[in-house]
Amino acid sequence: KWGFVDTSGQIAVALQFDEVGFFSEGFARVQKDGKWGFVDTSGQIVVTPQFDAVWDFSKGFALVYKDGKLGFVDTSGQIVVAPQFDDVKDFFQGLAPIKKDGKWGFVDTSGQIVIAPQFEEVRGSFKNGTATVTRFGEWFPINKKGEMVVVEEIPPVPGGGKERK
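Every number in my numbering is 425 more than the matching position in the sequence shown, counting from 1.
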């Protein structure tokens, strides 16, 4: 069995887990009876071991996996996005890409789908208010409402593109 010791070598979290991970953002992954959850630095179980797999916290959220689907928990131990997606990526600027039934969309930190799954691919997440997605084989930027952002064309530079001899 595994537990945790404090900096003085005293047992801080009793030896009760089958497997443990390192602390990340104040929480450690723990496995008990084949299921995963999280403890905080005081040893309190904040997410009851109930998942088939969990990942470390990042930006206040941890990815969880149950019955073949992915979701998120937050640092209060709440399931904010129930495991229901085929694939997910990290939250960035308040939204996370999610994949359901072969299409990508976006969910917010409260678990609401804010951009319905409709894209074939998504490149990363939002940066400077836009994300890059593809539909019908074409890549384009979208805003946080899922609307295509028109990118202004850059006028050609005189003499540009011609080789000098």
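Think of the CB as a built atom: it goes at the ideal place given N, C-alpha and C, for glycine as much as any other residue.
These figures come from a predicted structure and were not determined experimentally.
Alpha-carbon to alpha-carbon, residue j and residue i
i	j	result
Phe452	Glu444	14 Å
Arg589	Phe561	In this predicted model, Arg589 has a pLDDT of only 47, less than 50, meaning its place in the structure is not dependable; the value taken from the coordinates is given anyway. If I take the Cα positions, the gap works out to 39 Å.
Gly427	Val575	First, the residue type needs correcting, since residue 427 is Trp and not Gly in the sequence shown. Near 54 Å, if we compare the C-alpha coordinates of Val575 and Trp427.
Ser501	Asn553	28 Å
Gly468	Val479	18 Å
Trp564	Lys570	17 Å
Gly530	Lys514	11 Å
Lys460	Asp526	26 Å
Phe551	Thr534	14 Å
Gly462	Gly446	10 Å
Phe510	Lys457	24 Å
Ala521	Val532	5 Å
Thr466	Gln518	27 Å
Per DSSP, the bridge partner or partners of residue i
i	result
Thr466	In the DSSP output, where bridge partners are listed per residue, Thr466 has none listed.
Asp533	Leu520
Val472	Phe463
Leu488	Phe497
Residue i - containing beta strand (DSSP E), residue span
i	result
Val575	Unbroken run through Val575: none, as it is neither H nor E.
Trp480	Here Trp480 belongs to no beta strand (DSSP E), and DSSP marks it neither H nor E.
Glu444	Glu444 to Ser449
Ser550	Glu546 to Lys552
Lys457	Phe452 to Lys457
Gly496	Lys494 to Asp499
Sequence-distant residues of the same chain with beta carbon closer than 7 Å to residue i, five excluded per side
i	result
Val430	Ile436 and Ala437
Asn568	Gly554, Thr555 and Val574
Simplified DSSP state of residue i, which is helix, strand or coil
i	result
Gln435	coil
Gln518	coil
Phe561	coil
Gln503	coil
Gly428	strand
Lys570	coil
Asp526	coil
Asp511	coil
Beta-carbon proximity list for residue i, same chain, < 8 Å, skipping 5 on both sides
i	result
Pro508	Phe476, Val489, Tyr490, Lys491, Asp492, Lys494, Leu495 and Gly496
Leu440	Lys426, Trp427 and Gly428
Own chain, CB closer than 6 Å to residue i, minus 5 neighbours either side, in chain order
i	result
Val505	Phe497, Asp499 and Gly536
Any non-hydrogen atom of the ligand GTP within 7 Å of residue i CB
i	result
Gly446	Only the bare structure without any ligand can be found here, which leaves the ligand GTP out of the picture.
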